[in-house]
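**Q** One structure follows; several queries about it will come next.
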Amino acid sequence: MIKVWGRKSSSNVQAVMWCLAELDLDCSRLDAGLTYGVVDTPEYRAMNPNGRVPTLQDGGNTPIWESGAILRYLANTYGQAPFWPSDPVERVRVDQWAEWAKINVALEFTSPVFWRVVRTPSSRRDQAAIDAAVSYLTGNLAIADEQLRTNLFLAGNDFTLADVQFAHCLYRYFDINIERRSLPNLERYYSLVSERVAFQRHVQVSYEELRDTL
Ligand SMILES: N[C@@H](CCC(=O)N[C@@H](CS)C(=O)NCC(=O)O)C(=O)O
């Protein structure tokens, strides 16, 4: 049995849960992080010294952390082409976009934009910083938009691990109260990904428990 520690409002937990569901893997998720606690206990720190979520344990294996590494573990262990090709040349075509999405979208969206817009109380909101962060993020999203002009999904015409690493941020990106530049291919892609039941179940979920928590 696969166990995942992490609250369902965590975007990194969402990516892992979405990936598990796409791979048709059963798991049990235990709430942890923020108001759910757990992450500061010695038992949790022994599994994950960062005190962050997610942590995943597959059967009796050593628990693992860092969502990007967890996604690759799941894909390596349980995935197949085209989701995660076995040929290294094919695989890196997917992996380069997964890595790109983590660094250029997930990290440039989560704390620079989402935390400032949703987690920071309005009395302390810094609109100039939000505008600058959205502008920088939009430059990166425009790269995805261009890639999606000729491809249905981020790494080509098939749904892959790169889409999990990329699109798990898009529900919040399109839902929060910010000015968005028109990126028609990205919008078409988001509609396509939104048809996936696993995405609806694990990513399109309320983030209200995070409001004004900073
Ligand atoms: N680089 C790590 C980041 C982990 C992380 O910062 N997780 C956040 C939630 S998205 C967290 O643990 N926040 C504190 C908490 O929930 O207690 C990963 O990708 O797994």
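Under the working numbering, think of the first position of the sequence shown as 181, with each following residue one higher.
Virtual Cβ for every residue (Gly too), placed ideally from N, Cα, C.
For Leu390 and Arg299, which I take to be in contact (beta-carbon distance under 8 Å), what is that distance rounded to the nearest angstrom?
**A** Yes, they are in contact, since the Cβ atoms of Leu390 and Arg299 sit about 5 Å apart, within 8 Å.
**Q** Taking a contact to mean a Cβ-Cβ separation below 8 Å, would you say Ser190 touches His348 in this structure?
**A** No; because the gap between Cβ atoms is not below 8 Å, this pair is not in contact.
**Q** Would you kindly check if the distance between the Cβ of Ala309 and the Cβ of Leu251 is under 8 Å?
**A** Contact flag unset, no.
**Q** For the alpha helix (DSSP H) holding Leu332, just list the boundary residues, first then last.
**A** First-last for Leu332: undefined, no H or E at that position.
**Q** Since I believe Gly186 is in contact with Pro234 (beta carbons under 8 Å), could you give me their beta-carbon distance rounded to a whole number of angstroms?
**A** So it is a contact: roughly 4 Å between Cβ atoms.
**Q** Tell me the rounded alpha-carbon separation between Gln260 and Pro301.
**A** Computed Cα separation, rounded: 44 Å.
**Q** If Glu288 sits next to Asn256, beta carbons under 8 Å apart, how far is it from one beta carbon to the other, in whole angstroms?
**A** At roughly 27 Å, the Cβ-Cβ gap does not stay under 8 Å, so Glu288 and Asn256 are not in contact.
**Q** Going along the chain, which residues of its own chain have a beta-carbon closer than 6 Å to the beta-carbon of Met227, five neighbours each way excluded?
**A** Excluding sequence neighbours, Met227 sits near Thr235 and Pro243.
**Q** If you draw a straight line from the alpha carbon of Ser315 to that of Arg360, how long is it in whole angstroms?
**A** Near 9 Å, if we compare the C-alpha coordinates of Arg360 and Ser315.
**Q** Which stretch, first to last residue, makes up the beta strand (DSSP E) that contains Asp238?
**A** Taken as a continuous stretch (DSSP letters only), the beta strand (DSSP E) holding Asp238 covers Thr235 to Asp238.
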